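Numbering (our numbering), first residue to last: 80 to 307. Accompanying notes for the structure given below.
See below:
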């Protein structure tokens with residue numbers, strides 16, 4: 080599957096050809112084990128099964144990846160979550176911002192199935208990983224949810240709360256820290272402010288305060304009727 084990206088570098092922008100063959104969703108990627116365990120216990124009380132390992136890596140269809148401004152979902156029970164995204168292309172690793180949009184009702188039945196049910200929005204602009212790797216922990220993730228016509232801050236915090244991309248790639252690939260070209264990995268998310276809720280629109284951003292730039296993407300969520 081081919082996706083057109085734009086590389087945003089210190090020296091300017093250029094088009095990138097993204098032939099994507101593999102899409103990986105990394106889950107339970109928090110650095111603090113006690114915090115991860117607390118969240119697992121909270122979700123267990125809601126019926127979500129404990130993951131086999133932490134972190135855990137869900138393979139989903141590459142065709143779910145999209146830069147479109149809207150996605151269609153089945154019913155009203157899905158929601159987004161902002162994540163840093165590693166995109167491996169022929170010329171190296173790039174960083175984007177994405178949303179692991181997930182059906183929450185299905186998640187309580189089977190997490191793998193829930194991950195496969197929704198499109199995975201990602202920014203069309205990417206940064207070279209080498210330009211941010213030296214100050215990775217200073218990057219900030221942020222999302223805004225439009226609910227009932229009001230836009231509010233939904234998530235915010237440093238990527239330092241999550242395992243770094245090199246560690247996630249190494250665990251996924253068994254000690255090789257370079258994703259094969261054509262592979263995309265979502266790298267985990269932060270806790271929401273308040274409760275997990277569906278939204279009509281979801282805005283996501285990755286803020287680089289060191290270089291003074293942001294990656295942004297916004298998408299509308301269009302629920303389809305559930306007929307049985």
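Even for Gly, the Cβ is constructed at its ideal location relative to N, Cα and C. None of these values were measured; they are calculated from a predicted model.
Separation of residue j from residue i, as counted between CA atoms
i	j	result
residue 96	residue 264	17 Å
residue 191	residue 175	23 Å
residue 273	residue 234	9 Å
residue 257	residue 249	8 Å
residue 164	residue 306	34 Å
residue 206	residue 189	34 Å
residue 87	residue 169	16 Å
residue 167	residue 82	13 Å
residue 222	residue 202	13 Å
residue 219	residue 304	36 Å
residue 231	residue 278	10 Å
residue 47	residue 288	Absent from the model: residue 47. The displayed extent of the chain is 80 to 307, so no value can be given.
Beta-bridge pairing of residue i - partner residues as DSSP gives them
i	result
residue 153	303
residue 206	174
residue 106	135
residue 262	101 and 167
First through last residue of the beta strand (DSSP E) which encompasses residue i
i	result
residue 250	No beta strand (DSSP E) holds residue 250; the alpha helix (DSSP H) holding it covers 244-252.
residue 198	No beta strand (DSSP E) holds residue 198; DSSP gives it neither H nor E.
residue 235	229-237
residue 126	Here residue 126 belongs to no beta strand (DSSP E), and DSSP marks it neither H nor E.
residue 94	91-98
residue 86	81-88
residue 225	219-226
Residue interval of the alpha helix (DSSP H) (run including residue i)
i	result
residue 274	Per DSSP, residue 274 belongs to no alpha helix (DSSP H) and is neither H nor E.
residue 183	183-186
(message) Within 8 Å, do at least three Cβ pairs link the segment 138-157 to the segment 229-244?
(response) no
(request) Say whether the segment 204-215 touches the segment 168-185, bearing in mind that this needs 3 or more beta-carbon pairs closer than 8 Å, one atom from each stretch. (result) Contact between the segment 204-215 and the segment 168-185 is present: 3 or more CB-CB pairs across the two stretches fall below 8 Å.
(request) Say whether the segment 130-148 touches the segment 97-114, bearing in mind that this needs 3 or more beta-carbon pairs closer than 8 Å, one atom from each stretch. (result) Touching, per the Cβ criterion.
(message) Would the segment 125-138 count as touching the segment 276-288 if we require 3 or more Cβ pairs under 8 Å?
(response) no
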